[in-house]
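Student: Dropping a structure here in structure tokens format, bear with me for questions.
2 protein chains.
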Amino acid sequence: MDRSTRQRDAIRALFTPKGRPLSPKEIQERADREAPGISLATVYRTVKALEELGEIVRVELPGETARYELAGKEHHHHFQCESCGRAFEIHGCPGGLGKLAPPGFQVNRHEITLFGLCSTCARKAG
Amino acid sequence: MDRSTRQRDAIRALFTPKGRPLSPKEIQERADREAPGISLATVYRTVKALEELGEIVRVELPGETARYELAGKEHHHHFQCESCGRAFEIHGCPGGLGKLAPPGFQVNRHEITLFGLCSTCARKAG
DNA sequence: ATGGGTGCAAATTGTTTGCATTTTA
DNA sequence: TAAAATGCAAACAATTTGCACCCAT
Numbered sequence: 001m002d003r004s005t006r007q008r009d010a011i012r013a014l015f016t017p018k019g020r021p022l023s024p025k026e027i028q029e030r031a032d033r034e035a036p037g038i039s040l041a042t043v044y045r046t047v048k049a050l051e052e053l054g055e056i057v058r059v060e061l062p063g064e065t066a067r068y069e070l071a072g073k074e075h076h077h078h079f080q081c082e083s084c085g086r087a088f089e090i091h092g093c094p095g096g097l098g099k100l101a102p103p104g105f106q107v108n109r110h111e112i113t114l115f116g117l118c119s120t121c122a123r124k125a126g
Numbered sequence: 001m002d003r004s005t006r007q008r009d010a011i012r013a014l015f016t017p018k019g020r021p022l023s024p025k026e027i028q029e030r031a032d033r034e035a036p037g038i039s040l041a042t043v044y045r046t047v048k049a050l051e052e053l054g055e056i057v058r059v060e061l062p063g064e065t066a067r068y069e070l071a072g073k074e075h076h077h078h079f080q081c082e083s084c085g086r087a088f089e090i091h092g093c094p095g096g097l098g099k100l101a102p103p104g105f106q107v108n109r110h111e112i113t114l115f116g117l118c119s120t121c122a123r124k125a126g
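Protein sequence lines, in the order shown, are assigned to chains A and B.
Numbering-wise (our numbering), the first sequence opens with residue 1 and increments by one.
Numbering-wise (our numbering), the second sequence opens with residue 1 and increments by one.
Rendered as structure tokens:
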């Protein structure tokens, strides 16, 4: 298998149904194990290509750099650990958020982000 | 009144109970009317000072540059217009979001952002 | 040799900071 | 005239892009 293919496959393999949203740097670090020496530029280009192919989607969390996760998951939101910085997927959604908008405003979508400590960091913090 | 004071007051005056969250660039543009020639560096430094004084708070919306708004408002969330880019305050909160987090996770705060068209842009779009 | 894909470095954007200069007391 | 604050430009971080180079066909 050629290098290009190995790099793309290494990146594609990072996105699984159970995986958490990954930042470009996290993607590079992990892909580097299977495709040593992969550059950040290639990570960005590959991620962009996979996004356009509809395989992954961009996830924007407040105050955070963009993350990416597998596309096609059911509607969900995210949890951002304020200690380790990792993002996690959370299930469930209160719904009816469109009613919060002022009259005349058209709501197309919404994002909910919970901030706090993930189970690992909460345990360490006691 | 000296120049420093005029600049700081011009910025401070932008933050009102009814105002919407403003980005550094919006702050510079508006402050420039009362304090012509104000530099972006001064805007950033003043905003940081006002934040440390507890007069304003930073608002982070997904995929957006940081905004600032008057501190001390009651708990609320934001609406981001996908057309004009302006951010608006929205009232009300579904509550009980902490229950969405996985077991062992500690939720300290949450952010809800609605995306769509503000009343002005919705009207133009027909 | 031809085209696709890569790495490096330069360009961009948003934000911060060092420093000489200006302003104020 | 000494302290405080400003503006400009350089420094940074994240992301994108131009370009020379390399590999596979």
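Beta carbons: idealized from backbone N, C-alpha and C, even for Gly.
Under 7 Å Cβ-Cβ, which residues of chain B neighbour A:Pro62?
Tutor: Listed along chain B are Glu60, Leu61, Pro62, Glu111, each with a C-beta nearer than 7 Å to that of A:Pro62.
Student: Quick check on DSSP: helix, strand or coil for A:Ile90?
Tutor: Residue state for A:Ile90 is assigned as strand, using DSSP reduced to three classes.
Student: Which stretch, first to last residue, makes up the beta strand (DSSP E) that contains B:Thr113?
Tutor: 106–117
Student: May I ask which residues mark the beginning and end of the alpha helix (DSSP H) holding B:Arg20?
Tutor: It is not in any alpha helix (DSSP H) - B:Arg20 carries neither H nor E in the DSSP assignment.
Student: How would you list, in chain order, the residues of chain A whose beta-carbon sits under 8 Å from the beta-carbon of B:Ala87?
Tutor: Going along chain A, no residue has its Cβ under 8 Å from B:Ala87, so there is no contact; the nearest lies around 12 Å.
Student: If we call anything under 9 Å between Cβ atoms a contact, is B:Glu82 one with B:Gly54?
Tutor: no
Student: Would A:Ala49 and A:Arg8 be called neighbours here (beta carbons separated by less than 9 Å)?
Tutor: yes
Student: Are the CB atoms of B:Ala101 and A:Leu97 within a distance shorter than 9 Å?
Tutor: no
Student: 9 Å is my cut-off, CB to CB: does B:Gly126 come that close to chain A?
Tutor: no
Student: Would you identify the three-state DSSP class for A:Leu50, choosing helix, strand or coil?
Tutor: If DSSP states are grouped into helix, strand and coil, A:Leu50 belongs with the helices.
Student: What residues in its chain sit with their C-beta under 6 Å from that of A:Ile127, if we drop five residues either side in the sequence?
Tutor: Past the boundaries of the shown model lies residue 127 of chain A; chain A is included only from 1 to 126, so the question cannot be answered.
Student: Should A:Arg67 be labelled buried (16 or more other beta-carbon atoms within 10 Å of its own) or exposed?
Tutor: buried
Student: Measure the Cβ-Cβ separation of A:Phe88 and A:Ile56 and say whether it is below 9 Å.
Tutor: no
Student: Exposed or buried, what is A:His91 when buried is set at 16 or more other beta-carbons lying within 10 Å of its beta-carbon?
Tutor: Flag for A:His91 reads exposed.
Student: Hey, could you find the ends of the beta strand (DSSP E) B:Glu69 is sitting in?
Tutor: 67–70
Student: Can you give me, in chain order, the residues of the stretch 19–45 of chain A that have a beta carbon less than 8 Å from any beta carbon in chain B?
Tutor: none
Student: For B:Thr65 and B:Phe105, what's the separation of their Cα atoms in angstroms?
Tutor: 28 Å
Student: So the candidates are B:Lys124, B:Ala10, B:Pro24, B:Ser4; which of them puts its Cα closest to the Cα of B:Glu60?
Tutor: B:Pro24
Student: In chain B, which residues lie less than 9 Å from A:Cys84 when you measure between Cβ atoms?
Tutor: Simply none; closest approach about 12 Å.
Student: Are B:Cys84 and B:Thr46 close, meaning C-beta to C-beta below 9 Å?
Tutor: Contact flag unset, no.
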